[in-house]
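One structure is given here, and the rest of the page talks about it.
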Amino acid sequence: MSDLERTMAASASGMAAQAARIRLTTENIANADTPGYRRKTVSFEETFDRTRDTRAVATGPVELDRSELERIYDPGNPLAGADGSYLGSNVDLVIEIADAREANRSYEANLKMFDQARQMASSLLGLLRR
Amino acid sequence: MDIKATLASQLYSQVQAVAKPVPQDAPVRNAGEAFRTAATDFMETLRQGEETAKLGLAGRADPQAVVEALAATELAVQTAVAVRDKVVEAYQEILRMPV
Numbered sequence: 000m001s002d003l004e005r006t007m008a009a010s011a012s013g014m015a016a017q018a019a020r021i022r023l024t025t026e027n028i029a030n031a032d033t034p035g036y037r038r039k040t041v042s043f044e045e046t047f048d049r050t051r052d053t054r055a056v057a058t059g060p061v062e063l064d065r066s067e068l069e070r071i072y073d074p075g076n077p078l079a080g081a082d083g084s085y086l087g088s089n090v091d092l093v094i095e096i097a098d099a100r101e102a103n104r105s106y107e108a109n110l111k112m113f114d115q116a117r118q119m120a121s122s123l124l125g126l127l128r129r
Numbered sequence: 000m001d002i003k004a005t006l007a008s009q010l011y012s013q014v015q016a017v018a019k020p021v022p023q024d025a026p027v028r029n030a031g032e033a034f035r036t037a038a039t040d041f042m043e044t045l046r047q048g049e050e051t052a053k054l055g056l057a058g059r060a061d062p063q064a065v066v067e068a069l070a071a072t073e074l075a076v077q078t079a080v081a082v083r084d085k086v087v088e089a090y091q092e093i094l095r096m097p098v
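One line per chain: the protein sequences are A and B, in this order.
Residue numbering for the first sequence follows numbering that gives the first Met the number 0, starting at 0 and increasing by one per position.
Residue numbering for the second sequence follows numbering that gives the first Met the number 0, starting at 0 and increasing by one per position.
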């Protein structure tokens, strides 16, 4: 496996990792109003594929944000306790949107590197066709 | 358990005979061998690309993997075509030789 093919494999893994990240961000945004929902976060880890001699990235285990849930005052809500409030989610939409934007940019960067490697390999082979 | 020193040394010498390192990835000797290796690699890449594309169509592989496999297949096919063209060109060159 040549270096350029390994480059393509690594950037494909980066794209897959960013796709997983944006999925979790979207789940957080979708559940922003769910009572008791804790936002999900994921960490990235370096992996080593021994058969293909490729270093790449993979998403680690999904973790829940342990910060405090927001207490919402709404006496009419069936979930409300004696003090007229209930626990909402700890999703902050600003953070989620910033995270989504970052995932988007990283995905684009990986895509660019993939295309770059492909073009380099292709133009090298073009030399033979002269 | 009682282990005799002679028995141990005898077993140890046997182990050495069994676990003798076998040279792997022996250097390719002639051009035919090299071509065979290249062709096998090419077929393997093609097979993997088709497999991943099938899984992708069924929705069981992520699109990034499909794109990666197809790009690798494309490169392999380009390489094979370029090499074949060169070989055919060389052959024609020989045919044109004045006798």
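All residues carry an ideal CB built from backbone N, CA and C; glycine is no exception.
Judged by beta-carbon spacing, D64 of chain A lies within the 9 Å limit of T40 of chain A, meaning their Cβ atoms are closer than that value. Non-local beta-carbon contacts of M119 of chain A in its own chain, meaning distances under 7 Å to residues more than five positions away in sequence, involve L3 in chain order. Non-local C-beta neighbours of T33 of chain A in its own chain, meaning closer than 6 Å and more than five positions away in sequence, comprise S88, ordered along the chain. Assignment of P74 of chain A by DSSP, reduced to helix, strand and coil, places it in the coil class.
DSSP, read as helix, strand or coil, puts K3 of chain B in coil.
When Cβ-Cβ separations below 9 Å define contact, R117 of chain A makes contact with chain B. Excluding residues up to 5 positions away in sequence, V41, T58 lie with their Cβ nearer than 7 Å to the Cβ of A19 of chain A in the same chain. In the same chain as E26 of chain A, and ignoring 5 residues on each side of it, the C-beta atoms closer than 8 Å to its own belong to K39, in chain order. Against chain B, a Cβ distance below 9 Å from S121 of chain A picks out E73, L74, Q77. In this structure, M14 of chain A sits near L110 of chain A, with a CB-CB distance shorter than 9 Å.
Between the alpha carbons of E44 of chain A and S12 of chain A lies a gap of roughly 11 Å.
Under the 9 Å criterion on CB atoms, Q63 of chain B is classed as interfacial with respect to chain A. Interface residue (Cβ-Cβ distance to chain B less than 9 Å): F113 of chain A is classified as such.
Cβ-Cβ distances below 6 Å link L54 of chain B to A60 in the same chain, with the five nearest sequence neighbours on each side left out; the list follows chain order. At a beta-carbon threshold of 7 Å, the residues of chain A lying near K85 of chain B are L127, ordered along the chain. Residue contact check for A37 of chain B against chain A: no CB pair falls below 9 Å.
Proximity to F34 of chain B across B:L94, B:Q91, B:T78 peaks at B:T78, based on C-alpha coordinates. Listed along chain A are M7, R117, each with a C-beta nearer than 7 Å to that of A70 of chain B. In the three-state reduction of the DSSP assignment, V66 of chain B falls in the helix class, which pools H, G and I.
Pairing T50 of chain A with A9 of chain A gives a Cβ-Cβ distance that is not under 9 Å. The closest CA to that of S1 of chain A, considering only A:A116, A:R128, A:R129, A:L126, is found on A:A116.
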